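Student:
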Amino acid sequence: MKVRRPKLTFLDRLYLPQILAGMWTTLKHMPRKKFTRQYPEEKFKLLGKYRGAPTLVRNQDGQVKCVSCQLCEFVCPPKAIRVIPGQRDAGAPAEARIEKEPADFIIDMTRCIYCGQCEEVCPEQAIFLKKDFAVTGYKRAELQFHKDKLLELGGVHEDPICKWKKK
Amino acid sequence: MSVETVNLMIDGRAVQAVPGTNLIEAARLAGIEIPHFCYHPQLPIAGNCRMCLVEVGLPQLGPDRKPVLAADGRPRVNFGPKLTIACNTTVSEGMVVLTRTPRVIKARRGVMEFLLINHPLDCPICDQAGECRLQELAVDYGQGCSRFVEEKEHKPKHVVLNAKVTLDDERCVLCSRCVRFMREVAGQDCLGFVKRGSRSTLTCYPGQEPNTNYDLNIVDLCPVGALTSTDFRFRQRVWFLKETRSLCPHCATGCNTLIGSREDVVYRQTPRDNPAVNQCWLCDFGRLNYKFIGDPARLTTPLIGGAGVEWPAAIAHVAERLAAIRTAGGQIAGIGSARATTEELFLFAKLCQGLDSTLLDSVPRSGAADKLLLDTDRNPNMRGAQLTGVASGTPGSRLAEIAAGIARGEIKALLVLGEDVTAAGIGADLLAKLELLVVLAILPGATTQAAHVVLPGAAFAEKGGTFVNAKGRMQQFHPAVAAPGAARAEWQVLSGLLAAVAKDGKKPSPESPSLGTVFATMAAEIPALAGWTLESIGEQGRNL
Ligand code: SF4
Ligand code: SF4
Ligand code: SF4
Ligand code: SF4
Ligand code: FES
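Okay, structure coming up:
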C-alpha cells in the first residue's frame, strides 16, 4: 500500500502554532492541584480492606496458631508458601495438645501476590495479611520469610474459642 | 463354563451376580457405590456401621413358587418395612434393590449425624484428611452444622498402640475393621472395644500390644484417622503425594505397592490390590524399609580410584581395562544381584558372556518366613536371576569357585552388580588381589571401598523394571523419584557398558535404549518370554 503524505500548509511547516498549543496545556496545569505523590517520603493512605504481606499469628497464650495443615500451601496460586510440618514435643503443657506445629514456615515474598487465599482457606485463623506492601531486600534470600520472622510481623490474634485447649 | 448367576435389579439396572455376592459388591458391578465404613471385602462381615442401608424388595411368590405377576405383567415386588444393610444381604433371584430413594438418603444422613456428634474437629491435624471416608461421606450426607449442643465425649488421644501405630480414639467410628483384621488375618486377637454407647473406646488388651509383622495394615484399613502410622505421622499431607505403582523389593513374594512421594522424597508405601499376590496387604518389614532411598551417603558420581569422573569417561575406562585384561589372558568373573531387575540381570549376563566369562553367580539372601506374605527368600528377583542365567543351580553355589579363582590369581577382574561381596565370602583381602574391580552400587560399603571403579546406581523407587516373584509371576514397577546426583539406573549403565565393550568398529549409538527396547531384546533371547512386552505384563503381572 502506498501512504500518501498530507500536503502541509505553510503554517504547519512553520511548526510554531503546535509548540505554542502544547505550551498552553502545560501552563494551564501549573497552578492546579497536584496529583503526584512523593513516594517513598509520602506514604499511601491505605483503605481498610487493603491486603499486604501475609504473616503468622500467636493466640493470647503465646501459642502459635498454625497447626501446619498445609492447606495454604496447597491453595497459594503462585506457590509462595512452603510448610515443613513438625510435631510439638511430648513434654508440652496440656493446652498444647494440638500435637502439630510447623517446624518451619516459609513464605517467598518474591512470589506472593497478596491475594489473600491463604487467609481465606486457613481453618485455624493463623495466617493474616497485614498492611505491609513494600517488602524489600538486597538479596532474594532476605525475602524468604521464615517462621520466626512471620510470627514477629503477625503479633497476637485474640482467639475466643481456643478449640485445642478443650481437647 | 456356566457359572450359575442370579438376576437382580439395582436402581433399575439389571445385574447378574454369583450367588453369595453381597449387595455392596453386586452394586459395584453395576457401577453403583453404596457408602460403607465397616464392610471390607477381605474381612468377615460385622454389619455395625449401618451406613450401607438400602431398600430391598423380593418378588412375591405364589403357591407354585413362581413370581406373582401384577396387572401390567411384571412380577409383584414386596419391599420390607425397614431398610436392610447391603453388606450382609446376599443377592437372590428377582431381587430389587434401591440405593438412592429419599428413605435411604435420610437414613444415611441420620447415620452421619450420629457419627459426627462426637467426632473432633481434627481434620487440620489429622493425617487421614484427604483420604478419609468420613470426610468424603460428610460432604455427601453431612449437615454442615451440628444440632448437638451438649459437651462432646472426650476420649484418649495420641495413644501409642505400639512403636508403629498411633491411635486417636476420638476419631474412631467403631467400625471394628482393625479388630477383625488383627484377629482373623494377622492372627493376634488383641484389639477390642471397652465401655458402651457413645463412650465405646477402642483399646488393646493390657500388656498385649499388636506385635505382628502386619500391624500397619490396620492403618490402611481404618476408614478414618483413628489409626495412623507413626512413621508417616505429620510428615506430609496426602494430597501432595504422587502415587507411583511399584513393587516391594524386600522378599520374593513381590507385593504390589504404591509409593507416595513429593518432590523426589519418598514418604510412604501403601499396598496395591493384587488378588494373585498380596490381596490388599503389605508386611511392615517391607513397608518401612524405604529409608535407604534418601540416605545422604548415597553414591552420586562415578568414581575411578576414588576420584569423581563423568559417565562417558567411566564407561570408556571400564571397557578399556576389561579389554586389556582379556588380551593379557586374565579371567573375568561377575557377581550379580537378585535385587536387580530382570532387564539388568539380562544385560549383566550378556555383558559377562561377551567377555567370555562363565563364572557368574548371584548372592542368596534369606530370613524367616511368616504365615501370610513374607518369603524366606529375601531377594525379590531370584527367579529373574535364574531366568537370565545369572544364577544357575543353587544360587550362590559358585561364589566359592570365584573366591578360589581370585585367590589363585586366575581371575583378574570382577564385575559386581549391586552387592557387597565382602559379606558373601569374598573378603577385602581377596578383592585387593584383583586388577580391576567394577562395582555398580547405590550405597558405599566395603566392596565399593575396595573398588577401582564405582558406578552409582538407582534404588528401586528411582527406576523402572520387572521382578519375577517366587511363584514365577513377572511384575513391573515404575520410577517414582529421581536418582540423586549423577546416579543412573543400572540398566542404563549396563546398556552403555555393553555398547562400549562390544565396540565392533561401530560407534555406540548416542541414544541410550528405552526400557521397552531392553525388554524386547530380552524377550527375543529368552524362550520363556517369547512374545512378551512390558504392556502385556500389565500392572498386575503375568505368570511365566
Ligand atoms: S497471599 Fe496469596 S500469594 Fe501470598 S502467600 Fe497467601 S495465598 Fe500465597
Ligand atoms: S497457616 Fe493455616 S492453612 Fe496454613 S498451614 Fe497453618 S493452619 Fe494450615
Ligand atoms: S478422621 Fe477424617 S473426619 Fe475425622 S478428623 Fe480425621 S480427616 Fe477429619
Ligand atoms: S480404629 Fe479405625 S478401623 Fe478400628 S474400629 Fe476405629 S475406625 Fe474402625
Ligand atoms: S458396611 Fe454394612 S453395616 Fe457397615
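These protein sequence lines are chains H and F, in that order.
Take 14 as the starting number for the first sequence in this note's numbering and just add one per residue.
Take 28 as the starting number for the second sequence in this note's numbering and just add one per residue.
By construction, the Cβ of each residue, glycine as well, lies at the ideal position given by its N, Cα and C atoms.
A quick note: this is a predicted structure, and the numbers were derived from the prediction, not measured.
Does F:His146 come within less than 8 angstroms of chain H when only Cβ atoms are used?
Tutor: So no, F:His146 is outside the interface.
Student: Since H:Cys135 and H:Leu84 are thought to touch, with beta carbons under 8 angstroms apart, how far apart are those beta carbons, to the nearest angstrom?
Tutor: H:Cys135 to H:Leu84, Cβ: 7 angstroms. Contact.
Student: Here's a check: name, in chain order, each residue in its chain whose Cβ is nearer than 8 angstroms to the Cβ of F:Arg410, leaving out the five neighbours to either side.
Tutor: Excluding positions up to five away in sequence, the list reads Ala279, Val495, Asn496, Ala497, Gly499 and Leu571.
Student: Using a Cβ-Cβ cut-off of less than 9 angstroms, list which residues of the segment 71 to 87 of chain H approach chain F; keep chain order.
Tutor: Listed by position, the residues of the segment 71 to 87 of chain H near chain F (Cβ gap below 9 angstroms) are Val80, Ser81, Cys82, Gln83, Leu84, Glu86 and Phe87.
Student: Considering only heavy atoms of ligand 4, does any lie closer than 7 angstroms to the CB of F:Cys202?
Tutor: For ligand 4, at least one heavy atom lies less than 7 angstroms from the Cβ of F:Cys202.
Student: For H:Cys79, verify whether its CB is less than 7 angstroms away from any heavy atom of ligand 1.
Tutor: Incorrect: H:Cys79 has no Cβ contact closer than 7 angstroms to ligand 1.
Student: Find out if the Cβ-Cβ distance for the pair F:Ala488, F:Ile352 is shorter than 8 angstroms.
Tutor: Cβ atoms of F:Ala488 and F:Ile352: not closer than 8 angstroms.
Student: Could you pull out every residue in the same chain whose Cβ sits closer than 6 angstroms to the Cβ of F:Pro511, ignoring the five residues on either side in sequence?
Tutor: Taken in chain order, the residues that qualify are Arg325 and Thr327.
Student: How big is the Cα-Cα spacing for H:Pro30 and H:Leu40?
Tutor: Taking the straight line from one Cα to the other gives about 15 angstroms.
Student: With DSSP collapsed to three states, give me the class of H:Thr49.
Tutor: Three-state result, H:Thr49: coil.
Student: So which residues touch the region around ligand 3, with touch meaning a C-beta under 5 angstroms from any heavy atom?
Tutor: The filter returns F:Asp149, F:Cys150, F:Cys153, F:Gln155, F:Ala156, F:Cys159, F:Leu161, F:Gln162, F:Arg198, F:Val251 and F:Gly252, in chain order.
Student: Quick check: what's the CA-CA separation for F:Gly356 versus F:Gln380?
Tutor: Roughly 16 angstroms separates the two Cα atoms.
Student: Enumerate in chain order the residues of its own chain whose CB-to-CB distance from F:Ile112 is below 7 angstroms, with the five nearest sequence positions on each side excluded.
Tutor: For F:Ile112, where only same-chain residues beyond five positions count, the Cβ hits under 7 angstroms are Gly74, Arg77, Cys79 and Leu80.
Student: Any beta carbon of chain H sitting closer than 8 angstroms to that of F:Phe261?
Tutor: Closer than 8 angstroms: yes.
Student: Roughly how many whole angstroms lie between the Cα atoms of F:Val138 and F:Ile152?
Tutor: Near 24 angstroms, if we compare the C-alpha coordinates of F:Ile152 and F:Val138.
Student: Please go through the segment 333 to 418 of chain F and give each complete beta strand (DSSP E) segment of 3 or more residues, from N-terminal end onward.
Tutor: As far as the segment 333 to 418 of chain F is concerned, its whole beta strand (DSSP E) runs of at least 3 residues are 358 to 363 and 386 to 389.
Student: Using a cut-off of 7 angstroms between C-beta atoms, extract the partners of H:Glu137 located in chain F.
Tutor: Here the neighbours are Pro151.
Student: Taking 8 angstroms as the threshold (beta carbon to beta carbon), is F:Trp338 in contact with chain A?
Tutor: The structure shown contains no chain A; its protein chains are H and F.
Student: In whole angstroms, give me the CA-to-CA distance for H:Pro53 and H:Met43.
Tutor: In a straight line, the C-alpha of H:Pro53 is about 23 angstroms away from that of H:Met43.
Student: Considering only heavy atoms of ligand 2, does any lie closer than 7 angstroms to the CB of H:Ala139?
Tutor: Yes, ligand 2 has a heavy atom inside 7 angstroms of this Cβ.
Student: State yes or no: is the C-beta of H:Val70 nearer than 7 angstroms to some heavy atom of ligand 1?
Tutor: No, the beta carbon of H:Val70 sits no closer than 7 angstroms to any heavy atom of ligand 1.
Student: If I follow the unbroken beta strand (DSSP E) through F:Phe319, where does it start and stop?
Tutor: That residue, F:Phe319, is in no beta strand (DSSP E); it is neither H nor E in DSSP.
Student: Which residue spans inside the segment 124 to 211 of chain F form an unbroken alpha helix (DSSP H) run of at least 4?
Tutor: List check, alpha helix (DSSP H) in window: 129 to 144, 160 to 168 and 204 to 207.
Student: In three-state terms, what does DSSP make of H:Val88?
Tutor: The answer is helix: DSSP assigns H:Val88 an H, G or I state.
Student: Any chance you could list the beta strand (DSSP E) runs of at least 3 consecutive residues sitting entirely within the segment 464 to 518 of chain F, in chain order?
Tutor: You should have 480 to 483, 492 to 495 and 500 to 504.
Student: Which partner residues does F:Ile37 have in the DSSP bridge list?
Tutor: In DSSP, F:Ile37 forms a bridge with F:Arg40 and F:Val124.
Student: Please go through the same chain and pick out, in chain order, the residues whose beta-carbon is closer than 6 angstroms to the beta-carbon of F:Cys275, but skip the five residues on each side of it.
Tutor: Hits under 6 angstroms: Cys282, Thr284 and Gly313.
Student: Determine the extent of the alpha helix (DSSP H) in which H:Gln130 is found, giving its start and end residues.
Tutor: Segment Gln130 to Val134, the alpha helix (DSSP H) holding H:Gln130.
Student: Return the chain-ordered list of same chain residues with a C-beta closer than 7 angstroms to the C-beta of F:His185, the five sequence neighbours on each side being excluded.
Tutor: Once the five neighbours on either side are set aside, the close Cβ partners of F:His185 are Thr193 and Asp195.
Student: On the premise that F:Leu400 lies in contact with F:Cys310, defined as a C-beta separation below 8 angstroms, what is that separation, rounded to the nearest angstrom?
Tutor: Rounded, the Cβ-Cβ distance is 5 angstroms, consistent with contact.
Student: Using C-beta distances below 8 angstroms, list every residue in its chain close to F:Gly89, excluding the 5 sequence neighbours before and after it, in chain order.
Tutor: Result list for F:Gly89: Val95, in chain order.
Student: I want to check one thing, is the minimum distance from the CB of H:Pro67 to the heavy atoms of ligand 1 below 7 angstroms?
Tutor: For ligand 1, at least one heavy atom lies less than 7 angstroms from the Cβ of H:Pro67.
Student: Given this structure, state the Cα-to-Cα distance separating H:Thr22 from H:Ile32, to the nearest angstrom.
Tutor: Computed Cα separation, rounded: 16 angstroms.
Student: Check whether the Cβ atoms of F:Ala365 and F:Pro329 sit closer than 8 angstroms, and answer yes or no.
Tutor: No. Outside cutoff.
Student: For ligand 2, is there a heavy atom less than 7 angstroms away from the beta-carbon of H:Gln83?
Tutor: The answer is yes for H:Gln83.
Student: At a cut-off of 7 angstroms, is H:Ala147 close to ligand 1 when judged by its beta-carbon and the heavy atoms of the ligand?
Tutor: Answer for H:Ala147: no, Cβ out of range of ligand 1.
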